[in-house]
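If you want our numbering, it's the 1-based position in the sequence shown plus 345. Beta carbons are placed, not taken as given, at the ideal position from N, Cα and C, and that holds for glycine.
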Amino acid sequence: MATRGTMTRMKMSDGAEIGVYHVAPTGQRRGGLVLIQEIFGVTDHIKEMCDSYADEGYEVLAPALYDRVAPDFQATYEPEDIQKAIKVARELHSFPQALEDVQTCIDALKDKGKVFITGYCYGGSVSWAMACRSPDLAAASGYYGSMVPAMADQQPLCPTILHFGRHDHGIPMEGVEKVAKLHPEVGVHVYEAGHGFNSDRRTDYHAESAALARQRTLDLFRANGG
């Protein structure tokens, strides 16, 4: 499927320029959305997700958060590529820097109206962290972020929902339950699916769960000005 946005270069707070996928909204603009990549980079799948939210009226930015250490990194779901992605994400890449970069994208959108955030896998963890840090977000929706339970003591500053797969071998349900218990104000949704259930490229893709999570995300954004 051809994507319709463009990869641009954007200067970050440390002066570095990184790639950012940008797509304009279809029809009336509902707001801005920062959409955060999986561990695999800003892949065609992520660009398609951006386009799909643009079709709902959002101006979308998806920063290539690995660009400083692995320019234009895009990995497949093959075992060898998964290991490469894990190495970049966990050893080479700075998570605090990623949060700074996401805030730069939020800043680029906030003067035009409400700004929202969503992200998948690695991006689910980033979405939670930003919901707890940025005063400029109207709402946040994070998908199966493995670092979220470790950040459960943090408090979201905006309405937030989270999506997890009950059969996700990388995120034990005890951690998900901990988040739900500590944050009754957060919608913690559990699906009968595995990790990565939103991606139609993955063996864990679960169309029904993906559709429901997306609708819940859109409902959240629209209930908060989007």
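C-alpha distance - residue i paired with residue j, whole-angstrom precision
i	j	result
Ala484	Leu380	12 angstroms
Gln419	Gly386	5 angstroms
Met352	Gly515	31 angstroms
Lys432	Arg511	26 angstroms
Asp513	Tyr411	25 angstroms
Asp446	Ala361	10 angstroms
Phe509	Gly364	29 angstroms
Thr463	Glu553	19 angstroms
Thr388	Ala407	10 angstroms
Thr562	Gly539	19 angstroms
Val460	Arg375	9 angstroms
Asp417	Met355	14 angstroms
Ala443	Cys450	11 angstroms
Pro370	Asp452	18 angstroms
Tyr366	Glu519	35 angstroms
Neighbourhood of residue i by C-beta distance below 7 angstroms, restricted to the same chain and skipping five residues each side
i	result
Asp396	Thr348, Arg349, Gly350 and Val368
His528	none
Lys429	Ala420
Ala568	none
Ala497	Lys523, Val524 and Leu527
Ser358	Glu445 and Thr449
DSSP bridge partner residues for residue i (one or two, in chain order)
i	result
Lys432	Bridge partners of Lys432: none, in fact.
Asp497	Residue 497 is actually Ala in this sequence, not Asp. Answer is none; Ala497 lacks a bridge partner.
Ala485	Ile462 and Thr505
Leu406	His367 and Val379
His551	DSSP, once it has assigned bridges, lists no residue as partnering His551.
Met355	Ile363
Val533	Leu507
Gln560	Partner(s): none; Gln560 has no beta bridge.
Neighbourhood of residue i by C-beta, 6 angstroms cutoff - its chain only, sequence neighbours within 5 removed
i	result
His390	Ser544 and Arg546
Ile384	Ala430, Ala434, Cys466 and Tyr467
Val535	Phe509 and Arg511
Leu437	Val414
Pro501	Ala476 and Cys477
Gln382	Ile391 and Gly468
Tyr398	Leu378 and Val405
Cut-off 8 angstroms between Cβ atoms - residues of its own chain near residue i, not counting five sequence neighbours on either side
i	result
Gly372	Gly402
Is the region 442–460 touching the region 419–431 in the sense that three or more CB pairs, one from each, lie closer than 8 angstroms? no
Any beta strand (DSSP E) of 3 or more consecutive residues that is wholly inside the region 358–398: 362–368 and 376–381
Check whether the region 486–498 touches the region 457–473, counting contact only when three or more Cβ pairs, one atom from each stretch, lie closer than 8 angstroms. yes
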